[in-house]
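Here's the structure we're looking at; comments come further down.
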Amino acid sequence: MKIVALAGGVGGAKLAQGLALALAPEDLTVIVNTGDDFELFGLRISPDLDTVCYTLAGLANKHTGWGLKDETWQVLTHLKELGAPDWFKLGDRDLATHLQRTRLIREGMRLSQVTKNLCERWGVIQPVLPMTDSEVATKLVTADGTWLDFQEYFVKQACSPQIVDIRFKGVSSAMPAHGVLDALEQADAVIICPSNPYLSILPILSIPGMDAGLIQKNIIAVSPIISGQAVKGPLAKMIHDLTGQPADATFAAAFYRERFDLAGYVMDDQDRSLVNSVRAWGIICETCDTMMPGEVDRLRVARKALSLVESCSTRTENL
0 MKIVALAGGV GGAKLAQGLA LALAPEDLTV IVNTGDDFEL FGLRISPDLD
50 TVCYTLAGLA NKHTGWGLKD ETWQVLTHLK ELGAPDWFKL GDRDLATHLQ
100 RTRLIREGMR LSQVTKNLCE RWGVIQPVLP MTDSEVATKL VTADGTWLDF
150 QEYFVKQACS PQIVDIRFKG VSSAMPAHGV LDALEQADAV IICPSNPYLS
200 ILPILSIPGM DAGLIQKNII AVSPIISGQA VKGPLAKMIH DLTGQPADAT
250 FAAAFYRERF DLAGYVMDDQ DRSLVNSVRA WGIICETCDT MMPGEVDRLR
300 VARKALSLVE SCSTRTENL
């Protein structure tokens with residue numbers, strides 16, 4: 000069974016690792032959001048790609064979920080002493096990743112080629128693909144009409160401004176990265192990781208041609224909301240900002256079913272009272288403990304998502 004996972008951020012990286020533990024390397028491809036990529040100190044930085052790759056390589060900081068374990072911060076410390084901005088935390092070893100990525104791109108390599116090169120160095124054997132080789136930038140509009148770059152909103156301002164709209168600069172002229180559409184065509188199912196639907200998954204879905212790759216696929220999603228709160232990040236606040244409604248575990252199911260035929264949905268056990276609400280939409284819905292602090296937990300959630308793929312496939316065959 001060949002699976003494509005759509006991922007971004009820490010939650011996406013965790014489930015991607017669980018799927019990597021559950022599947023043969025050739026049966027999993029991870030497509031990663033690059034809408035939060037940006038340039039700092041002249042370097043091309045790809046936070047979601049790095050988080051997914053570091054996690055798959057076993058190199059991620061287990062306490063934060065992002066960055067590298069055993070990191071040091073001498074360059075950042077000296078930059079601060081010199082009066083440079085220090086709001087985005089660049090560790091010394093992490094900095095080497097950005098230096099190498101920038102060098103290879105300037106030499107003419109596509110981002111997808113650079114990612115493959117880095118994964119080979121880190122021992123990541125599953126294909127990891129950026130959503131696009133083009134530059135697409137997530138922009139957020141605040142209540143006072145200010146446009147914020149994603150990292151300024153997410154890191155520098157700690158998600159504090161009220162958001163009224165989200166745009167993806169450059170998306171209309173972007174194309175899926177090399178290998179993305181082939182992976183989708185060959186996939187038996189697509190699993191949407193418990194990433195922020197607005198910030199991590201919608202940029203992927205907004206790339207022209209991506210919707211065609213999802214047609215007639217069994218698509219499963221894992222909820223990023225548990226008991227009304229996001230496990231990590233600003234999703235619950237963003238839901239309230241953009242919809243005026245409180246967050247609950249049915250949100251991602253409703254969000255995705257507006258865009259494609261969502262076949263299955265996994266929620267946390269704490270939200271089992273909402274299962275019938277999702278099932279009323281014709282979606283197969285099950286629950287499990289979706290917290291994923293360690294590899295055993297990530298494998299558990301991956302297996303639940305894969306079992307739902309089997310259930311959805313069986314239902315389709317019987318229709």
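The numbering of the sequence shown is numbering that gives the first Met the number 0, which starts it at 0 and goes up by one. Glycine included, each C-beta is placed from N, C-alpha and C at the ideal position.
Euclidean distance between Cα positions of residue i and residue j
i, j, result
"L39", "V74", "14 Å"
"K155", "W86", "6 Å"
"L78", "K88", "11 Å"
"I224", "T313", "27 Å"
"T141", "G178", "35 Å"
"L110", "T50", "15 Å"
"A21", "A301", "7 Å"
"G325", "T63", "It is not possible to answer for residue 325, since the shown part of the chain is limited to 0 through 318."
"V277", "S222", "12 Å"
"S306", "A157", "37 Å"
"K13", "L234", "17 Å"
"G122", "A19", "13 Å"
"S172", "D210", "15 Å"
"L98", "K303", "38 Å"
Residue burial classification, residue i (beta-carbon count within 10 angstroms, cutoff 16)
i, result
"V9", "buried"
"T135", "Reading off the sequence, residue 135 comes out as Val, not Thr. Buried, by the Cβ-count rule."
"A83", "exposed"
"M266", "buried"
"W146", "exposed"
"G212", "buried"
"P129", "buried"
"T286", "buried"
Residue interval of the beta strand (DSSP E) (run including residue i)
i, result
"K138", "136-141"
"D49", "Careful: D49 lies outside any beta strand (DSSP E), inside the alpha helix (DSSP H) at 46-55."
"R92", "Element bounds for R92: not the beta strand (DSSP E) but the alpha helix (DSSP H), 91-105."
"Y255", "Premise fails: Y255 lies in the alpha helix (DSSP H), 250-256, not in any beta strand (DSSP E)."
Residues near residue i by beta carbon distance below 7 Å, same chain, minus five either side
i, result
"V3", "T28, I30, A182, L183, A186, V189"
"N60", "G66, L67, K68, E70"
Cβ-Cβ distance between residue i and residue j below 9 Å
i, j, result
"F37", "D164", "no"
"I214", "F259", "yes"
"R297", "G17", "yes"
"N217", "A262", "yes"
"R166", "L139", "yes"
"N275", "A229", "no"
"A15", "L55", "yes"
"T101", "R43", "yes"
"P193", "G34", "no"
Start-to-end residues for the alpha helix (DSSP H) that takes in residue i
i, result
"E184", "179-185"
"E151", "Note, E151: premise wrong, no alpha helix (DSSP H); not H, not E."
"D240", "234-242"
"D36", "Segment: none, D36 is in no alpha helix (DSSP H) and carries neither H nor E."
Own chain, CB closer than 8 Å to residue i, minus 5 neighbours either side, in chain order
i, result
"R256", "W280, I282"
"L103", "Q112, V113, N116"
"M174", "T131, D132, S133, I206, P207, G208"
"L318", "With a pLDDT of 47 at L318, under the threshold of 50, the predicted position of this residue should be treated as unreliable, and no value is reported."
Same chain only: Cβ atoms within 6 Å of residue i, ignoring 5 sequence neighbours per side
i, result
"P126", "T28"
"K1", "D26, Q185, A186, D187"
"D270", "A248"
"A176", "S111, L128, P129, T131, D132"
Closer than 9 Å to chain B by CB, residue i
i, result
"Q228", "Of the protein chains in this structure there is only one, and it is not chain B."
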